[in-house]
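Just below is one structure, and these are the notes that go with it.
Numbering (this note's numbering), first residue to last: 1 to 228.
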């Protein structure tokens with residue numbers, strides 16, 4: 001069984017990683033809220049107007065060098081965007097804008113707001129980390145999305161987000177687990193995020209018979225086999 005100091009050190013590394021993901025989002029938030037406040041006073045936005053408004057701030061998030069951020073942007077509430085794509089999102093080394101006619105008001109917008117990275121910050125008013133999941137919407141890669149609510153004068157108007165691919169997360173955090181035999185990082189739903197246990201891989205359900213150390217800030221725990 002891993003000793004407590006080793007588990008605490010590994011969890012501290014996980015917390016520090018996600019602190020670094022949220023840092024550029026938090027730096028962007030005051031400016032984003034101020035811009036939305038000024039623009040909302042003129043009426044609802046189109047998707048194209050939203051993308052033009054959001055792009056400079058999203059680019060700064062992507063330019064942050066502290067963490068391997070793959071995608072970043074803002075997903076607006078259906079009250080904020082009346083026409084077009086409510087998701088202003090850029091990703092990859094080429095910084096491509098995700099622009100698809102399949103996302104917009106009506107049914108598509110309803111589907112977006114059901115996604116964990118959107119609905120949890122909306123419901124709680126707190127930042128959230130969702131995943132791992134295959135991001136069919138954006139990258140088609142196994143992804144972790146960090147998101148935080150954005151409000152104008154106390155009214156929720158969407159979420160600012162940043163994506164990290166699990167492949168990048170493995171390179172950053174597996175060294176933190178290397179000194180703990182068969183350690184597995186799991187999310188709050190019991191899904192494996194990272195593992196150095198050959199019996200588990202990302203996305204597997206992990207449960208039972210484990211000693212668990214929980215992060216106090218993020219929905220992650222480290223599990224190791226319990227002693228027989």
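Beta carbons are placed, not taken as given, at the ideal position from N, Cα and C, and that holds for glycine.
Using only alpha-carbon positions, find the residue among the options that is nearest to residue i.
i, options, result
"residue 69", "153, 163, 20 and 180", "163"
"residue 121", "94, 150, 133 and 141", "150"
"residue 73", "45, 116, 38 and 28", "28"
"residue 158", "220, 166, 148 and 97", "148"
"residue 98", "65, 77, 138 and 43", "138"
"residue 189", "183, 202 and 196", "202"
"residue 176", "95, 217 and 196", "196"
"residue 156", "79, 47 and 26", "79"
"residue 65", "193, 183, 23 and 199", "23"
Enumerate in chain order the residues of its own chain whose CB-to-CB distance from residue i is below 7 Å, with the five nearest sequence positions on each side excluded.
i, result
"residue 35", "53"
"residue 179", "6"
"residue 210", "223, 224, 225 and 226"
"residue 84", "46, 47, 48 and 104"
"residue 57", "28, 31 and 32"
Which term fits residue i, buried or exposed, when burial requires 16 or more other beta carbons within 10 angstroms of its beta carbon?
i, result
"residue 136", "exposed"
"residue 134", "exposed"
"residue 212", "exposed"
"residue 30", "exposed"
"residue 187", "buried"
"residue 10", "buried"
"residue 71", "buried"
"residue 220", "buried"
Tell me whether residue i sits in a helix, a strand or coil according to DSSP, three-state version.
i, result
"residue 79", "coil"
"residue 205", "strand"
"residue 68", "coil"
"residue 200", "coil"
"residue 191", "strand"
"residue 223", "strand"
"residue 132", "strand"
"residue 16", "helix"
"residue 98", "coil"
Quick one: what's got a C-beta closer than 6 Å to residue i's C-beta in the same chain, skipping five residues either side?
i, result
"residue 67", "20 and 21"
"residue 44", "82"
"residue 217", "15"
Decide if the stretch 84 to 91 is in contact with the stretch 56 to 63; the criterion is three or more beta carbon pairs, one per stretch, under 8 Å apart.
yes
Are the stretch 37 to 49 and the stretch 126 to 134 touching, with three or more C-beta to C-beta distances below 8 Å?
no
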